[in-house]
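Chains as they are written, first to last, in the UniProt record's numbering: chain R, 1 to 394; chain P, 1 to 394. For every residue, glycine included, the Cβ atom is placed at its ideal position computed from N, Cα and C. As the structure is a computational prediction, the values presented were derived from the model and not from experiment. This report concerns only the one structure given below.
There are 2 protein chains.
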Amino acid sequence: MLLTPKSELDQRIHRLQQLLAQEGIDGMIIVQNADLFYFAGTIQRSHLFIPAEGKPLLFVKRSYERAKEESALSEIIPLDNPKDLPAMLAAHGFTYINTLGFELDVLPTSQFFRYQKLFSGIRLVDGSSLIRTVRAIKSEYEIGLMKRAGEQSRGAFDYVSQCLRAGISEVELASQVEAFYRSQGHPGHVRTRGFNMDIGYGQLSSGTSLAIPSFFEGPIGGTGLSPLLSMGSGTKIIERDETVFVDYVGIREGYMVDATRVFCMGKLPDHLVRAHEVSIEIQHLLKTEGRPGVTGGELYEKAVAVAKKHGLSDHFMGYADQVSFVGHGIGIELDEWPVIAKGVKTPLEAGMVFAMEPKFVFPEGAVGLEDTFVVRPEGLEAITEYEEGIIYLP
Amino acid sequence: MLLTPKSELDQRIHRLQQLLAQEGIDGMIIVQNADLFYFAGTIQRSHLFIPAEGKPLLFVKRSYERAKEESALSEIIPLDNPKDLPAMLAAHGFTYINTLGFELDVLPTSQFFRYQKLFSGIRLVDGSSLIRTVRAIKSEYEIGLMKRAGEQSRGAFDYVSQCLRAGISEVELASQVEAFYRSQGHPGHVRTRGFNMDIGYGQLSSGTSLAIPSFFEGPIGGTGLSPLLSMGSGTKIIERDETVFVDYVGIREGYMVDATRVFCMGKLPDHLVRAHEVSIEIQHLLKTEGRPGVTGGELYEKAVAVAKKHGLSDHFMGYADQVSFVGHGIGIELDEWPVIAKGVKTPLEAGMVFAMEPKFVFPEGAVGLEDTFVVRPEGLEAITEYEEGIIYLP
Chain R
1 MLLTPKSELD
11 QRIHRLQQLL
21 AQEGIDGMII
31 VQNADLFYFA
41 GTIQRSHLFI
51 PAEGKPLLFV
61 KRSYERAKEE
71 SALSEIIPLD
81 NPKDLPAMLA
91 AHGFTYINTL
101 GFELDVLPTS
111 QFFRYQKLFS
121 GIRLVDGSSL
131 IRTVRAIKSE
141 YEIGLMKRAG
151 EQSRGAFDYV
161 SQCLRAGISE
171 VELASQVEAF
181 YRSQGHPGHV
191 RTRGFNMDIG
201 YGQLSSGTSL
211 AIPSFFEGPI
221 GGTGLSPLLS
231 MGSGTKIIER
241 DETVFVDYVG
251 IREGYMVDAT
261 RVFCMGKLPD
271 HLVRAHEVSI
281 EIQHLLKTEG
291 RPGVTGGELY
301 EKAVAVAKKH
311 GLSDHFMGYA
321 DQVSFVGHGI
331 GIELDEWPVI
341 AKGVKTPLEA
351 GMVFAMEPKF
361 VFPEGAVGLE
371 DTFVVRPEGL
381 EAITEYEEGI
391 IYLP
Chain P
1 MLLTPKSELD
11 QRIHRLQQLL
21 AQEGIDGMII
31 VQNADLFYFA
41 GTIQRSHLFI
51 PAEGKPLLFV
61 KRSYERAKEE
71 SALSEIIPLD
81 NPKDLPAMLA
91 AHGFTYINTL
101 GFELDVLPTS
111 QFFRYQKLFS
121 GIRLVDGSSL
131 IRTVRAIKSE
141 YEIGLMKRAG
151 EQSRGAFDYV
161 SQCLRAGISE
171 VELASQVEAF
181 YRSQGHPGHV
191 RTRGFNMDIG
201 YGQLSSGTSL
211 AIPSFFEGPI
221 GGTGLSPLLS
231 MGSGTKIIER
241 DETVFVDYVG
251 IREGYMVDAT
261 RVFCMGKLPD
271 HLVRAHEVSI
281 EIQHLLKTEG
291 RPGVTGGELY
301 EKAVAVAKKH
311 GLSDHFMGYA
321 DQVSFVGHGI
331 GIELDEWPVI
341 AKGVKTPLEA
351 GMVFAMEPKF
361 VFPEGAVGLE
371 DTFVVRPEGL
381 EAITEYEEGI
391 IYLP
């Protein structure tokens with residue numbers, strides 16, 4: 001099993017410590033699984049304390065032995081009862097804490113109240129934006145893992161071409177393609193940070209199902225199998241001459257990529273074919289324009305302008321229920337920073353990784369594509385690559 | 001697609017209203033997907049207001065059209081900006097609200113702060129235990145759906161016998177069995193309520209992997225594929241003469257059951273065979289003893305006593321990192337109420353559904369079984385059923 005190297009953890013912690021110092025926060029207590037993995041290399045049930053200055057302390061409830069195997073941190077301490085945290089911090093010399101950061105974007109409120117009682121007299125603040133800022137910039141180690149996830153996605157698209165046949169149901173095809181991902185090292189679980197952002201492996205739907213909107217913050221809906229997960233594959237039978245939309249997340253060693261391709265057995269109406277060409281035009285334009293310093297908002301507006309030029313504004317990124325983004329950061333969660341969306345003023349930086357998904361939705365189907373890119377000093381580099389056109393099958 | 005009947009929603013809402021009135025809470029605002037589905041029949045992005053008295057109001061941001069199709073509630077109102085909530089409640093006659101309940105066990109803290117600002121002057125309290133209390137008692141409609149999920153689990157156990165062969169890796173077998181569940185209507189996503197309770201379809205591991213503890217609150221660990229989801233199937237090759245542990249969640253129409261069976265190609269050491277017999281003894285005893293009025297704590301102690309009688313205390317519900325429960329409520333989330341655990345004083349009631357999983361873990365493997373039961377006035381009725389012994393394959 002691949003363990004996160006110490007040099008990676010050190011460098012991530014160092015970047016967070018710089019931000020903590022800048023913001024006048026004395027330290028952070030990190031408890032969410034993805035953040036624990038990122039900064040400690042393990043999700044064993046823990047409290048990770050990262051001081052603005054000094055060595056981080058990993059307090060582990062369960063499993064201590066496994067945390068020691070998985071984490072390259074030097075200070076790993078068994079801690080059965082979180083109530084002992086303040087005393088433990090003091091015992092390790094952290095007696096001066098006035099302001100303590102928590103992941104308030106994901107921490108359940110009742111748990112926050114318990115920490116508030118525990119750290120009475122200390123100001124508890126939201127440090128989640130600092131964590132998300134650090135996590136947005138990927139190292140070469142991380143980009144390397146994402147490229148391996150990209151290979152998984154390529155293999156899956158090849159596999160779709162093998163499995164797709166007229167008369168198969170969406171969910172039957174989904175079960176086969178998801179099994180391919182799983183057999184190639186996918187954990188069977190896609191991490192999202194946003195509250196209620198429930199998802200399985202992704203989105204595989206066809207024809208008219210694609211225009212059915214969903215709770216999920218994305219351009220494509222899908223019927224799903226039940227109102228309890230009302231998105232993605234349903235029982236609809238896939239026919240010839242309609243779009244089959246495969247939008248899945250490849251994952252290797254915890255690192256994800258997002259990629260979408262459209263398949264069709266037979267032929268499609270001209271307006272869908274043309275809209276797909278516009279998607280490719282937008283993708284190529286954004287790939288050319290994306291570089292350090294450009295904002296997510298600027299990229300989004302460029303995409304919108306191309307859609308408008310082609311008279312496709314009403315179909316861009318949804319139909320009836322449109323979303324106002326065209327890309328999203330990705331790494332160990334599906335909804336990382338940066339967001340390529342309306343009004344976003346944060347400039348891109350080298351090392352940021354995001355998926356761009358210019359898509360068009362019509363009542364009879366959806367077209368478009370999605371690939372994952374890393375920002376390099378000179379522009380965007382593709383992490384996922386595959387034939388960009390509609391993939392026609394006999 | 002199966003939609004929740006109006007009579008179901010009405011009866012659930014009525015029960016919550018009784019508890020709200022008892023606790024002096026004027027109403028609740030519900031936003032989490034599972035709770036929205038339970039009380040409104042839809043997870044379209046919404047705020048569901050349930051007053052202690054009067055008609056519930058479903059305020060929908062996205063998709064309003066789909067919420068209207070999915071929900072049998074009569075008052076469904078489009079609401080783009082949550083900031084308008086207080087005015088909307090007042091406009092519907094709810095001007096007297098002094099105390100408002102929220103799902104504080106799952107609501108992210110930063111979101112809670114926004115509601116606190118929005119509803120200034122109103123006391124915001126945690127209503128999650130009321131919701132969990134209502135949800136713990138299942139209707140015949142719900143039990144019927146769980147029985148269908150039970151059929152899915154039975155089919156999956158049959159399927160394991162077809163796929164299992166010496167030399168297959170855990171994750172390869174998992175990919176095949178999970179594809180079976182998926183093709184039978186599983187959404188590919190298992191809902192948990194607890195923070196950080198990340199899981200895929202469940203737990204399929206073998207031999208020595210089974211004793212490796214994990215972050216997940218359960219007796220069995222497993223290596224997983226990465227420290228970012230360090231549980232369940234890994235790359236270990238499954239051999240003859242070792243235990244293969246299949247602990248998966250069947251799901252139909254959003255409703256789950258949990259069931260575990262142990263498979264073996266060849267034969268097992270005597271102490272594992274005997275421990276499995278003790279698991280069955282415990283399961284039969286608990287099935288006989290479980291009835292309305294008995295507490296989860298009492299059932300747990302009975303299980304512990306049998307393990308002790310057989311000298312197996314050190315292996316019961318984990319090895320090295322033992323957990324102190326033997327069963328958990330289940331329905332639309334994997335970790336519902338009641339909990340059959342140490343010290344739990346809440347008495348069982350008719351209609352409660354829980355999975356019971358007496359398991360024994362040894363360095364070389366694990367044995368035991370798990371089935372899902374509903375509490376009937378006269379005792380426990382099994383919702384999942386399958387051959388209880390170790391399933392030996394040639």
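For Leu36 of chain R, I'd like the list of residues in its chain whose CB is within less than 7 Å of its CB, leaving aside the five on either flank, ordered along the chain.
Ile30, Thr42, Ile43, Ser46, Leu48
Worksheet item: Any contact of the region 281-299 of chain P with the region 341-349 of chain P, i.e. 3+ C-beta pairs under 8 Å?
Response: yes
Worksheet entry | Proximal chain P residues relative to Asp126 of chain R, where beta-carbon distance stays under 7 Å | Ser110
- Item | Contact check, Gly127 of chain R vs Phe157 of chain R, beta carbons under 8 Å | no
ask   = Contact check, His328 of chain P vs Phe360 of chain P under 8 Å by CB: the rounded distance?
value = Rounded, the Cβ-Cβ distance is 18 Å, inconsistent with contact.
Notebook entry, point to check: If you draw a straight line from the C-alpha of Phe71 of chain R to the C-alpha of Met1 of chain R, how long is it?
Noted result: Per the sequence shown, residue 71 of chain R should be read as Ser rather than Phe. Looking at the two C-alpha atoms, the distance is approximately 12 Å.
| query | Quick one: does Thr42 of chain P have its CB under 8 Å from some CB of chain R? | reply | yes
Q. Under 8 Å between C-beta atoms, does Arg182 of chain R make it to chain P?
A. yes
Original post:
Can you tell which of P:Gln17, P:Pro187, P:Ala303 has its C-alpha closest to the C-alpha of Gln203 of chain R?
Top reply: P:Pro187
**Request:** Taking all protein chains shown into account, decide if Thr288 of chain P is buried (16 or more other Cβ within 10 angstroms of its Cβ) or exposed.
**Result:** exposed
Option nearest Ser120 of chain R by Cα separation, candidates R:Gln32, R:Ser209, R:Arg66, R:Thr99: R:Thr99
Handout entry: Pair within 8 Å by beta-carbon distance, Leu210 of chain R and Phe263 of chain R
Key = no
### Contact residues within the region 364-386 of chain R, judged by C-beta distance below 9 Å to chain P
none
- Query: Does the beta carbon of Tyr319 of chain R sit closer than 8 Å to a beta carbon anywhere in chain P?
  - Reply: no
- request: Confirm, please, whether the CB-CB distance from Thr243 of chain P to residue 409 of chain P is below 8 Å.
  value: Residue 409 of chain P is absent from the structure shown; chain P starts at 1 and stops at 394.
* **Inter-stretch contact at 8 Å, needing at least 3 Cβ pairs: the region 143-150 of chain P / the region 250-261 of chain P** => yes
### Message
I want to know whether the region 49-64 of chain P touches the region 16-27 of chain P - three or more CB-CB distances under 8 Å.
### Response
yes
| Between the beta-carbon of Ala303 of chain P and the beta-carbon of Val326 of chain P, is there less than 8 Å? | yes
| said: Under DSSP, the alpha helix (DSSP H) around Glu336 of chain P begins and ends at which residues? | reply: Here Glu336 of chain P belongs to no alpha helix (DSSP H); instead the beta strand (DSSP E) covers 336-341.
Fill in: Span of the alpha helix (DSSP H) around Leu286 of chain R
270-289
Checklist entry - Beta carbon of Val190 of chain R, beta carbon of Pro108 of chain P: below 8 Å? => result no
Would you call the CB atoms of Met265 of chain P and Leu104 of chain P closer than 8 Å? no
Taking only runs of the alpha helix (DSSP H) that begin and end inside the region 293-379 of chain R, which ones reach a length of at least 4 residues, in chain order?
296-309
In chain order, what residues of the same chain have a beta carbon less than 7 Å from the beta carbon of Leu285 of chain P, not counting five sequence neighbours either side?
Lys302, Val306
On a CA-only basis, which of R:Ala67, R:Glu357, R:Arg240, R:Ser206 is nearest Gly232 of chain R? Give me that one, please. R:Ser206
For this session: Entirely within the region 232-274 of chain R and at least 4 residues each: give me those alpha helix (DSSP H) ranges in chain order.
Result: none
Please report the straight-line C-alpha distance between Ser7 of chain P and Glu378 of chain P, rounded to a whole angstrom. 26 Å
For Thr223 of chain R, which residues of its own chain have a beta-carbon under 6 Å away from its beta-carbon, when the five flanking residues on both sides are left out? Ser209, Ile212, Gly234
Original post:
Between Leu19 of chain R and Val134 of chain R, is the Cβ-Cβ spacing less than 8 Å?
Top reply: yes
query = Tell me which same chain residues have a C-beta within less than 7 Å of the C-beta of Asp198 of chain P, skipping the five on either side of it?
reply = Leu229
Item to check | Candidates P:Glu75, P:Asp335, P:Tyr319, P:Ala40: closest to His92 of chain P by CA position | outcome: P:Glu75
Exercise. Note down the Cα distance separating Ala341 of chain R from Pro219 of chain R, rounded to an integer number of angstroms.
Key: 13 Å
Query - For Thr99 of chain R, the residue or residues it bridges with in DSSP - result: R:Arg123
Short of 8 Å in beta carbon distance, which residues of its chain neighbour Val374 of chain R, apart from the five on each side in sequence? Order them along the chain. Lys138, Ile143, Met146, Gly351, Met352, Val353, Leu380, Glu381, Ile383
Q.
Rounded to whole angstroms, what is the Cα-Cα separation between His276 of chain P and Glu239 of chain P?
A. 19 Å
Separation of Pro394 of chain P from Pro358 of chain P, as counted between CA atoms:
26 Å
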